[in-house]
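Colleague: In my numbering, the protein residues as written are 13 to 434.
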């Protein structure tokens, strides 16, 4: 990248010091995520496993919030992890103010420095690769559809008005694998452009366009990664900033411009070889592990979907009384491997974890966030039929007959019906 040969002015030096500190510190969160996702490809892990890394900051952040920020952060009841929450706001604000203070101190201690050409170059290379690897991971998550999978049966059964904007966006993306493949391919292409010095400037423009759409969706659909995606957008804009004047000249003045690339190297050959190896191997390893993780997740999703079963109630009998609509069932859905959802006559969901004892032919139900346990006897009178009986809410003895209802390709069937009607 071309950098000024003449001495930098005071504002340029201070700006670089601030962005070097702020982006350098916040980019550590990117690498924590990258390492975690790579590790989760070979070991069973969940996002909650990252929480202990940031937990030591909860005490300090609580004190800062109490005396300065006043966001209402409470480490006893809120997650201490930098997403779109109180902790996240304090996390980024604290790093922002620390970077300003440190940049001022740096300016005083290093006031005789005329420029940071070399450090500017290497920091931009580091930030470019950081951004590329993060964007590459998001692209793979869409090409291998695990970030926004096809809506499950439970999603299809929910009323439109009972869903959040985030739920609707996830279903909008997941219901069309082709569109998700397109958006994922754009992200992968943007990342690949960033890996090469020769295509970096075009890559900045491309990734900025991709991230602008992502950030807009996150903010307007209230997705819980608004702060993180906005930070990635700032990375892209910062990297593009040195070329903005030339880009404006090209697009609006109609004159030819050049984007010469400057390159710094080490004096020793082994250092250059080591750097080249790292710049090739790190993206390849990240690509391989991310792909492996997503393939395993996709296979698990397919296996889980195939186990789903939905039964419509054909008869609901109780002893000595007519059960109210809030007690009677409309349908029963077995979903997510070991969860079952009972729908009452008002279509309200009642979730339980379940265990099956095939010898005693019993279904043991564990209420979520409760110690309530219920047992029901089950039987299969004939193919596609299920019989459940036992004690239900209010101590009522129930005997329920159910019929299996196919759930495969529900959306596809509706689209075929519409085409036939047209």
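Note that beta-carbon positions come from the ideal geometry of N, C-alpha and C, so glycine has one too.
#1: State the DSSP-derived secondary structure class of residue 378, mapped to helix, strand or coil.
#2: Identify whether residue 273 lies in helix, strand or coil by the three-state DSSP scheme.
#3: Report the three-state DSSP secondary structure of residue 134 (helix, strand or coil).
#4: Any chance you could list the alpha helix (DSSP H) runs of at least 4 consecutive residues sitting entirely within the region 232-307, in chain order?
#5: For a minimum of 4 consecutive residues, which ranges assigned as the alpha helix (DSSP H) are wholly contained in the region 85-136?
#6: Under 8 angstroms, do residue 239 and residue 100 count as touching if we go by C-beta distance?
#7: Can you tell me whether residue 419 is helix, strand or coil according to DSSP?
#8: Have a look at the DSSP bridge pairing and note the partners of residue 356.
#9: With distances taken Cα to Cα, identify the nearest neighbour of residue 165 among 320, 370, 398, 365.
#10: State buried or exposed for residue 272, treating a residue as buried only when at least 16 other CB atoms are found within 10 Å of its CB.
#11: By the three-class DSSP mapping on this structure, what secondary structure does residue 432 have?
#12: Does chain B have any CB closer than 8 angstroms to the CB of residue 210?
#13: How would you label residue 212, buried or exposed, when you count the other beta carbons within 10 angstroms and need 16 or more for buried?
#14: Cβ of residue 353 within 8 angstroms of Cβ of residue 361?
#15: Is the region 44-55 in contact with the region 290-309, if contact means three or more CB pairs nearer than 8 angstroms?
#16: In chain order, what residues of the same chain lie with their CB nearer than 7 angstroms to the CB of residue 415, ignoring the 5 residues before and after it?
#17: Can you tell me where the beta strand (DSSP E) with residue 174 in it begins and where it stops?
#18: Among 348, 349, 328, 350, which has the Cα closest to the Cα of residue 342?
#19: Identify the continuous beta strand (DSSP E) that holds residue 329 and give its terminal residues.
#20: Determine, using beta carbons only, whether residue 83 and residue 102 come nearer to each other than 8 angstroms.
#21: Could you give the DSSP three-state label for residue 14: helix, strand or coil?
#22: Check for me: the beta strand (DSSP E) holding residue 361 runs from which residue to which?
#23: Verify whether the separation of the beta carbon atoms of residue 132 and residue 34 is less than 8 angstroms.
#24: For the 8 angstroms Cβ check, are there 3 or more pairs between the region 308-317 and the region 145-159?
#25: By DSSP, does residue 55 sit in helix, in strand, or in coil?
#26: Going by DSSP, which residues form a beta bridge with residue 398?
#27: Does the contact criterion of 3 or more C-beta pairs under 8 angstroms hold for the region 205-225 versus the region 243-261?
#28: For a test of the three-state rule: what should DSSP assign to residue 26, helix, strand or coil?
#29: Under 8 angstroms between the Cβ atoms of residue 237 and residue 120?
#30: Between residue 346 and the rest of its own chain, which residues show a CB-CB distance below 6 angstroms, the 5 nearest in sequence each way excluded?
#31: Leaving out five residues before and five after residue 209 in sequence, what residues of the same chain have Cβ atoms less than 6 angstroms from its Cβ?
#32: If you follow the alpha helix (DSSP H) that residue 76 is part of, which residue opens it and which one closes it?
#33: Would you grab the beta carbon distance between residue 389 and residue 402 for me? Rounded to a whole angstrom, and I think it's under 8 angstroms.
Modeller: According to the data block:
#1: Here DSSP, grouped into helix, strand and coil, assigns residue 378 to strand.
#2: Coil.
#3: Here residue 134 sits in helix by DSSP.
#4: Listed in chain order, the complete alpha helix (DSSP H) runs (minimum 4 residues) inside the region 232-307 are 238-252, 256-260.
#5: For the alpha helix (DSSP H) assignment, the uninterrupted runs of no fewer than 4 residues enclosed by the region 85-136 are, from N- to C-terminal side, 98-121.
#6: Cβ atoms of residue 239 and residue 100: closer than 8 angstroms.
#7: Shown here, residue 419 sits in coil according to DSSP, grouped into three states, outside any helix or strand.
#8: Under DSSP, residue 356 takes part in a beta bridge, and its partners are 341.
#9: Closest by alpha carbon: 320.
#10: Answer is exposed; the Cβ neighbour count stays below 16.
#11: Its pLDDT being 46, under 50, residue 432 is placed unreliably in this model, and the coordinates cannot settle the point.
#12: Of the protein chains in the structure, only one exists, and it is not chain B.
#13: Looking at its Cβ environment, which holds 16 or more other Cβ atoms inside 10 Å, residue 212 is buried.
#14: Result yes, Cβ atoms of residue 353 and residue 361 sit closer than 8 angstroms.
#15: Yes, they touch.
#16: The answer, listed in chain order, is 323, 324, 326, 396, 397.
#17: Taken as a continuous stretch (DSSP letters only), residue 174 belongs to no beta strand (DSSP E), as it is neither H nor E.
#18: It is 328.
#19: Per DSSP, residue 329 is one residue of the beta strand (DSSP E) stretching across 321-330.
#20: A distance below 8 angstroms separates the beta carbons of residue 83 and residue 102.
#21: Reliability fails at residue 14, whose pLDDT of 46 lies under 50, so the model's placement of it is uncertain and no value is given.
#22: Under the DSSP assignment, residue 361 falls in the beta strand (DSSP E) whose first and last residues are 361-369.
#23: Judged by their CB atoms, residue 132 and residue 34 are not nearer to each other than the 8 angstroms cut-off.
#24: Segments in contact, yes.
#25: Residue 55 falls in the coil class under three-state DSSP.
#26: Partner(s): 414.
#27: By the C-beta criterion, the region 205-225 is judged to be in contact with the region 243-261, since at least 3 inter-stretch pairs fall below 8 angstroms.
#28: In this structure, residue 26 counts as helix in the three-state DSSP scheme.
#29: No. Outside cutoff.
#30: Counting only residues of its own chain and dropping the five nearest sequence neighbours on each side, residue 346 has a CB closer than 6 angstroms to the CB of 321, 352.
#31: Residues of the same chain with a CB within less than 6 angstroms of the CB of residue 209, apart from the 5 flanking positions on each side, are 273 in chain order.
#32: Start and end: 70-76.
#33: So it is a contact: roughly 6 angstroms between Cβ atoms.
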